[in-house]
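Please read the structure below before turning to the comments.
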Amino acid sequence: MNSLYPLKFKPQFLEKIWGGTKLLKTYHMEDEFENIGEVWLLSAVKGQES
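Residue numbers for the sequence shown, in my numbering: 383 to 432.
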């Protein structure tokens, strides 16, 4: 069996000044931030990998 199976990803919640809590509720997640304006469900951006 491949060591990468199953792949598991961790979404990145990004604070923005226009954010709120609706995205957290939509994805049934909890986070310590209150102004979530973006969610990266799958990311390969260096430092923000999911």
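Quick reminder that beta carbons are idealized off the backbone N, C-alpha and C, glycines included.
Quiz prompt | Coil, strand or helix - K404 by DSSP | solution = helix
Quiz prompt | Strand pairing of I418, partner residues [DSSP] | solution = E397
Practice problem: Just the C-alpha distance for E431 and P393, rounded to the nearest angstrom, thanks. | Solution: 9 Å
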